[in-house]
Amino acid sequence: MPENKLIDGRYRIVRKIADGGMATVYQAVDVRLGRDVALKIMHIQLAQGPHRDQFVERFRREANSAAAIANPHVVQVYDTGENDGLDYLVMEYVHGVNLRHEMQTKRTFSVRETLRVVSETLNGLAAAHRAGVVHRDIKPENILINDRGRVQITDFGLAKAASQATLSSTGMLLGTAAYLAPEMIENNLATPQGDCYSVGIMAWEMLTGQVPFLADNPVTMVFKHVNENVPSVATVCTGIDPQVARFISYLTNRDVNDRPADASQALDRLNALMRTLPPQALQYRFDPDAPAPNATTVLPVGGKAQTGPTAAKLDDRTQAVPMAGAATAASTPYTPRPSAPPTAANADATPTQVHHGMSTGKRWAIGVAIAAAVLALGGAAGWGWWYYAGPGSYYEMPQIEALHCQKNAPCKIAGVPWADYEKALKAAGIAYETSKSYSDTVPEGDIISTDPEFVNAHVSKRGDLQKVRVIVSQGVQQSTVPDDIMSSTDPLASLKRAGFTNIVHSADTDEWSLDVPEGEVISITPEAGTTVDHNEPVDVVLSKGPMPVSMPEVVGKPASDVKAALEEDKLTVTTNEEFSDTVPAGQVMSSSEDAGAQLHWGDSVHLVVSKGPEMITIPKVVGMNVDDAKKMLEDLGLEVKVSAPLGDLLHTVRMQSPDAGKQVRARGEDGKATVVTLTVI
Numbered sequence: 001m002p003e004n005k006l007i008d009g010r011y012r013i014v015r016k017i018a019d020g021g022m023a024t025v026y027q028a029v030d031v032r033l034g035r036d037v038a039l040k041i042m043h044i045q046l047a048q049g050p051h052r053d054q055f056v057e058r059f060r061r062e063a064n065s066a067a068a069i070a071n072p073h074v075v076q077v078y079d080t081g082e083n084d085g086l087d088y089l090v091m092e093y094v095h096g097v098n099l100r101h102e103m104q105t106k107r108t109f110s111v112r113e114t115l116r117v118v119s120e121t122l123n124g125l126a127a128a129h130r131a132g133v134v135h136r137d138i139k140p141e142n143i144l145i146n147d148r149g150r151v152q153i154t155d156f157g158l159a160k161a162a163s164q165a166t167l168s169s170t171g172m173l174l175g176t177a178a179y180l181a182p183e184m185i186e187n188n189l190a191t192p193q194g195d196c197y198s199v200g201i202m203a204w205e206m207l208t209g210q211v212p213f214l215a216d217n218p219v220t221m222v223f224k225h226v227n228e229n230v231p232s233v234a235t236v237c238t239g240i241d242p243q244v245a246r247f248i249s250y251l252t253n254r255d256v257n258d259r260p261a262d263a264s265q266a267l268d269r270l271n272a273l274m275r276t277l278p279p280q281a282l283q284y285r286f287d288p289d290a291p292a293p294n295a296t297t298v299l300p301v302g303g304k305a306q307t308g309p310t311a312a313k314l315d316d317r318t319q320a321v322p323m324a325g326a327a328t329a330a331s332t333p334y335t336p337r338p339s340a341p342p343t344a345a346n347a348d349a350t351p352t353q354v355h356h357g358m359s360t361g362k363r364w365a366i367g368v369a370i371a372a373a374v375l376a377l378g379g380a381a382g383w384g385w386w387y388y389a390g391p392g393s394y395y396e397m398p399q400i401e402a403l404h405c406q407k408n409a410p411c412k413i414a415g416v417p418w419a420d421y422e423k424a425l426k427a428a429g430i431a432y433e434t435s436k437s438y439s440d441t442v443p444e445g446d447i448i449s450t451d452p453e454f455v456n457a458h459v460s461k462r463g464d465l466q467k468v469r470v471i472v473s474q475g476v477q478q479s480t481v482p483d484d485i486m487s488s489t490d491p492l493a494s495l496k497r498a499g500f501t502n503i504v505h506s507a508d509t510d511e512w513s514l515d516v517p518e519g520e521v522i523s524i525t526p527e528a529g530t531t532v533d534h535n536e537p538v539d540v541v542l543s544k545g546p547m548p549v550s551m552p553e554v555v556g557k558p559a560s561d562v563k564a565a566l567e568e569d570k571l572t573v574t575t576n577e578e579f580s581d582t583v584p585a586g587q588v589m590s591s592s593e594d595a596g597a598q599l600h601w602g603d604s605v606h607l608v609v610s611k612g613p614e615m616i617t618i619p620k621v622v623g624m625n626v627d628d629a630k631k632m633l634e635d636l637g638l639e640v641k642v643s644a645p646l647g648d649l650l651h652t653v654r655m656q657s658p659d660a661g662k663q664v665r666a667r668g669e670d671g672k673a674t675v676v677t678l679t680v681i
């Protein structure tokens, strides 16, 4: 990938950091956030090869596994994507080196340094184990030491849930052979205890400068892990504190049940140990160049003697141990360095010191013995390969007629009748377990998936837990529209709880309603109580509640028109009538709501309607005592004026104006009472 190339418009390549078996890692800059990142881009030959799906799955598993873990000792994954057909991961850029680099530089570490690295590695793994993730590939290459000297675990490409097997569908046991736990090799089980075992082997190597089992090929190496106990680190580091040696042995017990259950338990044991170790114990460091008390000379076949303990180390990169049927050429290249010969599982070879000056006959006899030993060892290694890694170690997932597989392409076992495939598994003698699941695409009774998932994938014969896991379709899940859906206060949530996944609803089609409360159902198809496929569309129209309306100007307008208009807006109208000297009869004098007020359907509005001016019929008061007449008229709301042009002799009303029987307004337009004039004599 050229420098300065922009990936997905966001990540600009700065430089290449390293090439791996699956991908190339680059330093890049996130131009959006302005930070350094590590960009891991899949090799093009893998992205375009026949096994692309498996490699992409592993690539994406790395992102998902790391993203599920929040811990300062785990390299964080920020983003994933695909660019020009190549999957990529965006990870935290760690300024530092890996532990392998430190090992090659320092050769051995003090107890203090070793236990600090182990503690921080266990801390990160504890977070992974709590998240249900097993790393499966703990080794010095995957332990980064940042520029602050702190551990960060990387490369979760092999990580899986603890319940899943570790044998890949391509027939290759992944992971560096020197650090593999016995149950991973023998039973193909990924366990938190297996991660602890790998940490223990790594600690053994940090303290001694070499791994506990030495061999010139991965097959012999894994054979030893399965059949031999890891020797105490004290056999090499004779001055190490016994408590430290016991802790390393605790991590590297061959029996999985004798190891800590997970990294949290291992870390607790380590913390307790650290509280009791004296300072001088922490300072201890093994010197590999110091002469051993009883150095033994190992005689390699056909070569010169070497002083032990010595042997070739495996290539630092992750090795793929080929299973029978998997092309060796597809494996990561392995080039062994000169080493001591492998040891058979049932015979502990005792290094033989070379003696000079012996007779020709004796030398011939020793040569024959060595040749016989070589043949025996070769046979044991061959048997070990056949039994633990070759054809004797596994079954192959069968193919049936209903599976239409293409030549030289992965053939996934799915979409065929389980009854037919079950017969094939039984015929092959392969154990299995089934579970059922609903499927929108796979008919009832057909296979949704298997683990392993491809034809010819390997199923280990070792251990009792190696079963093929099959998920069989129950068909499309059925869901029932709840009976109380029309009165539900959250009908969409009720439908989701009922299992519906295709709920068709838009706020744009919701309706105003005077009768249905806001948020409840106005209409639904299919109707309540109907059972259909969960992915069938369910059309829902919800109520928006009463529609908002604005109060119009009504004062001075005919009451009948106003009432009709308000009722058309679904408002409840009440009225009463009052006299008005200014508003004509039949018109609105006032309302309970001001013009422009925000109302809703169903709200009440009260109108006061004018009866027009109040009218009074003038009573006859002529001949009455003037005081009585005045009181009568004033009680009617009239104003009375008395005139006595001839004098008030009799105190009796002689004339009145207006005349009796005439109707007059109680008040004039000025609001003053109408005047009645009485003439008295």
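Just so you know, we're using the UniProt record's numbering here: the sequence shown kicks off at 1 and counts up by one. The beta carbon of each residue, even a glycine, is placed where N, CA and C say it ideally should be. All figures in this text were calculated on a predicted structure; none of them were measured in a lab.
Contact annotation: the region 214 to 222 does not touch the region 242 to 255, with fewer than three C-beta pairs closer than 8 Å. As for any alpha helix (DSSP H) of minimum length 4 sitting wholly inside the UniProt domain "PASTA" (545 to 611), the runs are 559 to 568, ordered along the chain.
In this model, His534 and Ser439 are separated by some 10 Å (Cα to Cα).
In the displayed model, Gly194 falls within a helix according to three-state DSSP.
A check of alpha carbon separations from Asn4 across Ile17, Ala28 and Ala23 identifies Ala28 as the nearest. DSSP places Gln104 within a helical segment (H, G or I) once states are collapsed to three.
Exposure of Glu433 is indicated by the presence of fewer than 16 other C-beta atoms within 10 angstroms of its C-beta. Cβ-Cβ distances below 7 Å link Val31 to Arg10 and Arg12 in the same chain, with the five nearest sequence neighbours on each side left out; the list follows chain order. Secondary-structure assignment with DSSP links Asn146 through a beta bridge to Gly96.
In this structure, DSSP gives Lys662 a state outside helix and strand, which the three-state scheme calls coil. Boundaries of the alpha helix (DSSP H) harbouring Arg275: Ala263 to Thr276, taken from the DSSP string. Distance from Arg285 to Ser119 at the Cβ level is roughly 17 Å; contact not present, criterion being Cβ atoms closer than 8 Å. For Phe454, the beta-bridge partners assigned by DSSP are Lys412. In this structure the region 513 to 531 does not touch the region 467 to 476; the number of beta carbon pairs closer than 8 Å is below three. Per DSSP, Leu122 lies in no beta strand (DSSP E) segment; the continuous alpha helix (DSSP H) that holds it begins and ends at Val111 to Arg130. By alpha-carbon distance to Pro645, the top candidate from Ile616, Thr677, Pro658 and Asp635 is Thr677.
Ser560 sits exposed, since fewer than 16 C-beta atoms from the chains shown fall within 10 Å of its C-beta. By alpha-carbon distance to Val675, the top candidate from Asp659, Ala660, Leu638 and Lys662 is Leu638.
Taking a contact to require three or more Cβ pairs closer than 8 Å, the region 193 to 202 and the region 174 to 184 qualify as touching. A straight-line Cα-Cα distance of about 21 Å links Ala127 and Met274. Comparing alpha-carbon positions, the option among Thr176, Met486 and Asn456 lying closest to Thr525 turns out to be Met486. Sequence-distant partners of Thr501 (beyond 5 residues in either direction) whose C-beta falls short of 6 Å from its own C-beta, in its chain, are His534 and Asn535. Look at the region 433 to 500 and you find these whole runs of alpha helix (DSSP H), each 4 residues long or longer: 491 to 497. Non-local C-beta neighbours of Ile616 in its own chain, meaning closer than 8 Å and more than five positions away in sequence, comprise Leu636, Gly637, Leu638, Gln663, Val664, Arg665, Ala666 and Thr674, ordered along the chain. Collapsing the DSSP output to three states places Asn502 in coil.
Sorting Val199, Met589 and Val532 by C-alpha distance to the C-alpha of Leu122 places Val199 at the top. Between Gln474 and Lys412, the CB-CB gap reaches or exceeds 7 Å.
Residues Thr574 and Ser592 of the same chain have their beta carbon placed closer than 6 Å to that of His606, with the five preceding and five following residues left out of the count. Burial of Asp446 is indicated by the presence of at least 16 other C-beta atoms within 10 angstroms of its C-beta.
Beta-bridge analysis with DSSP links Pro72 to no other residue. Looking at the DSSP output, Ser523 sits in a beta bridge with Val541. Residue burial annotation: Pro613 is buried, with at least 16 other C-beta atoms found within 10 angstroms of its C-beta. Here Met221 carries a helix assignment [DSSP, helix/strand/coil]. The distance from the Cβ of Tyr88 to that of Met42 is about 7 Å, consistent with a contact at the 8 Å cut-off.
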